[in-house]
Amino acid sequence: MSKCNRCNITIYDDTVKCPLCNGVLNDLEERIQQDSANMEEKQESKSLTYPSLKRKFQKLRLVTRIVYFASIVASFVCVLVNVLTFKEFWWSWIVVAGLAYACFTVTYSTAKSTGHRTKILIQALGACILAVVLDYIIGYRGWSFNFFIPGAVVSITLTVIVLMAATENWQNYIYMLIILVAFSLLYLIFIPLKLVTFEIVSIGTVAFPSLTLLWVVFFGDRAAHNEIKRRFHV
Amino acid sequence: MAGKRTSEMRWDKLDNTANLFPVIVSEEVTNVYRLTVTLKEDIDPELLQKALDRVLPFFDVFHSKLKKGFFWYYFETNKKPAPRVKEENEVPCRYINPYENNDYLFRVNYYKNRINLEVFHVLTDANGALMFLKELTYQYLRYKFPELEKQVGTGLNAETSLDREDSYLKNYKKSAKKAYKTEKALIIKGEKFPYDSFGIIHGHLNLRQLKDVAKKYEVTVNQYLIAVVFWSIYKEYLNGQPCKRPISSVIPVNLRPYFDSNTTKNFFVVVSAVFRADRDDYTFEEVLKIVKDCLNEQINKESLEKLFSYNVSNEKNIVIRAIPLFIKNIAMKSIFLKSKKANTMSVTNLGVCKVDEAYKEYIEHFYMTLSMSTGQNIKGAVVSYEDTCIFTFSAAIRETAIQKGFFKKLVSDGISVAIESNGVYYEQM
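Sequence lines, in order, name chains A and B. With numbering that gives the first Met the number 0 applied, the first sequence covers 0 to 233. With numbering that gives the first Met the number 0 applied, the second sequence covers 0 to 428.
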């Protein structure tokens, strides 16, 4: 405990200076005269009631920066080479799109503030967008809309089924199923736009998550009904 | 799935104020506050964990997790074990990431003789959290000193409330539309600490002397302290010069005493104390009178009722209720962003903290610490216990001129002051 004569207050910290006015404290002035070695000892001022915190080195942040930097450099080099050796094919955009998705994955999948359900859905959405972009770059043949997106919907539905079977709070996945059904219904608008040409696949894309949801609602009993009630309370 | 049928999950709606917090929360604006109790002996972490495990299931508000619905957020019973009690090793009031905290929205840590309870404001306000902290401390002390158990029993204290009523809904009355404050206030600027750090200075004030001084000026302790903060900003930050922008402070008001509520959920409103430094010759007495009049005008049952009723009427409006959450979030965030520069600072006063007679000899002090938020680079939190009032400054900037002016004024008014900090003011550049 020390006393600052300028501020006229007592200071509980183990310190050589007043944190308010930065003046040298009373007891220290006396000690300087008595024992200069003692002052060396008191050079490190600190709080007595809080721990000294070492700033954490954030490895993840460094990895993210390295991935971003490497991706930008690689993209730039590829685009430059593509421009200089251009032969009617913008192959460099495939690299750029792929690296953009890699950067997104590194950032999003390691984010600590998002749950695994949201991560699965957003990563899958990102993959679908990447597939559509790649399909367009290499001369649109429709594989992204006809096969990739339906494949993604079916895969996530299967994942949800596995997770529901494996976890105690299975009802938490109902909302994910509802989002999947909504997404697959939205997918139907690509039929009149002629982007989806295999209609049987599109029907299957809607039917699989929808039937899974129906099954869960039918056999999920009160737990399923209550989950829907909670999620959609107005 | 049939074999995994679980017991029915309890759920609850968020109170009116809580709806805002999940929308505006981020690593920088954590909306986490800290309540601390210091005991007379160092903490035994195992007993503290045991006490937390025992007390938590009684408090539904804390024993929950936040979930996102299509129209609203809501709370659901958290079936995971209580969060782990850890030794303090990070900056106070850090963002509470539910995914790293067993989905809970509070944390308990300790350092030497301090027990810290950090709470995300979505759960409850400081008065609600104080009930929880007191029960946690009582239980810890009963484990630590078994003779106490014989004296007071093993149950919760009779003073503790477990009520989780939404007192906003219960007490609201239809009211006229109110405009949100958007006039820009004076913003305190200076060299900032790193983004994940901030300075804390606790001022220990003699409560008896403080009450006498407030009485001498014919104001309440709260009005006096706010006026001293404004005076310090006027004299130390503005150097007594006029300023176009007002000095304005958010003052949260606990509504429980006004509406006979004992809820453990949020039940407060914020009023504003405003001082327009339009001259260079204000005296402290003039500043004090401005603060007193400003607060007296707002802190009465009718005005407070109007303040929260408009927000509640919005929540009850069926059209607004039926808007999907993501659209509501955009609207709430835009209102928040418009009004975030409308205040210079916040000063919250938890009042006098009373504990059961049997535990008094084991408890030294109570503290409250606020986290930083955009625009407000300095905040104050006050809590009194026994003969000490602790005024805690949280600051995002290194300069301590305002804190210095504040404590010097108290000393010049005859109040004994002792301070302690979190040590960041001594860090090398």
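Here a beta-carbon is modelled for each residue, glycine too, at the ideal position from N, C-alpha and C. Keep in mind that this is a model prediction, so the values were computed, not measured.
is_contact[residue i, chain B] using C-beta, thresh 8 Å
i, result
"residue 231(A)", "yes"
"residue 19(A)", "yes"
"residue 114(A)", "yes"
"residue 40(A)", "In this prediction, residue 40(A) scores a pLDDT of 49, lower than 50, which makes its location untrustworthy; the coordinate-derived value is nonetheless stated afterwards. No, residue 40(A) does not count as interfacial toward chain B."
"residue 52(A)", "yes"
"residue 36(A)", "Any reading at residue 36(A) needs caution, since the residue's pLDDT is 49, under 50, leaving its predicted position unreliable; the model's value is listed next. By this cut-off, residue 36(A) is not an interface position."
"residue 11(A)", "yes"
"residue 14(A)", "yes"
"residue 160(A)", "no"
"residue 108(A)", "no"
"residue 118(A)", "no"
"residue 270(A)", "No information on residue 270(A) is available, as it lies outside the stretch 0 to 233 that chain A covers here."
"residue 7(A)", "yes"
Residue i - DSSP class collapsed to helix/strand/coil
i, result
"residue 224(B)", "helix"
"residue 109(B)", "strand"
"residue 10(A)", "strand"
"residue 219(B)", "coil"
"residue 362(B)", "strand"
"residue 11(B)", "strand"
"residue 193(A)", "coil"
"residue 38(A)", "Summary for residue 38(A): the model assigns pLDDT 46, below 50, so the residue's position carries little reliability; its value from the coordinates is reported in the next sentence. Looking at residue 38(A) - three-state DSSP - the assignment turns out to be helix."
"residue 409(B)", "helix"
"residue 117(A)", "helix"
"residue 224(A)", "helix"
"residue 390(B)", "strand"
"residue 160(A)", "helix"
"residue 198(B)", "strand"
"residue 25(B)", "coil"
"residue 170(A)", "helix"
"residue 261(B)", "coil"
Beta-carbon spacing of residue i, residue j below 8 Å
i, j, result
"residue 224(B)", "residue 60(B)", "no"
"residue 49(B)", "residue 110(B)", "no"
"residue 312(B)", "residue 164(B)", "no"
"residue 276(B)", "residue 248(B)", "no"
"residue 68(B)", "residue 60(A)", "no"
"residue 74(B)", "residue 161(B)", "no"
"residue 44(B)", "residue 86(B)", "yes"
"residue 116(B)", "residue 140(B)", "no"
"residue 291(B)", "residue 344(B)", "no"
"residue 274(B)", "residue 229(B)", "yes"
"residue 287(B)", "residue 216(B)", "yes"
"residue 421(B)", "residue 46(A)", "yes"
"residue 98(B)", "residue 114(A)", "yes"
"residue 204(B)", "residue 414(B)", "yes"
"residue 254(B)", "residue 383(B)", "no"
Whole-number beta carbon distance between residue j and residue i, since they are thought to touch under 8 Å
i, j, result
"residue 51(B)", "residue 84(B)", "6 Å"
"residue 485(B)", "residue 47(B)", "Any question about residue 485(B) goes unanswered here, given that chain B covers just 0 to 428."
"residue 209(B)", "residue 128(B)", "Between residue 128(B) and residue 209(B) the Cβ distance is about 24 Å, and since that is not below 8 Å, they are no contact."
"residue 430(B)", "residue 252(B)", "With chain B represented from 0 up to 428, any question about residue 430(B) goes unanswered, as that position is not in the structure."
"residue 124(A)", "residue 177(A)", "That belief does not hold up - the Cβ atoms of residue 124(A) and residue 177(A) are roughly 15 Å apart, past 8 Å."
Contact with chain A by residue i, beta-carbon distance below 8 Å
i, result
"residue 421(B)", "yes"
"residue 266(B)", "no"
"residue 68(B)", "yes"
"residue 381(B)", "no"
"residue 113(B)", "yes"
"residue 416(B)", "yes"
"residue 8(B)", "yes"
"residue 90(B)", "yes"
"residue 339(B)", "no"
"residue 399(B)", "yes"
"residue 395(B)", "no"
"residue 93(B)", "no"
"residue 320(B)", "yes"
"residue 407(B)", "yes"
"residue 99(B)", "yes"
"residue 200(B)", "yes"
"residue 150(B)", "no"
Residue i beta carbon near the ligand SAH (any heavy atom closer than 7 Å)
i, result
"residue 128(B)", "Ligands in the displayed structure: none, and consequently the ligand SAH is not present."
For residue i: DSSP bridge partner residues
i, result
"residue 33(B)", "117(B) and 368(B)"
"residue 271(B)", "249(B)"
"residue 276(B)", "For residue 276(B), which the question treats as bridged, DSSP gives no partner whatsoever."
"residue 418(B)", "10(A) and 202(B)"
Closer than 8 Å at the beta carbon, the chain D residues around residue i
i, result
"residue 96(B)", "Looking for chain D here will not work: the only protein chains present are A and B."
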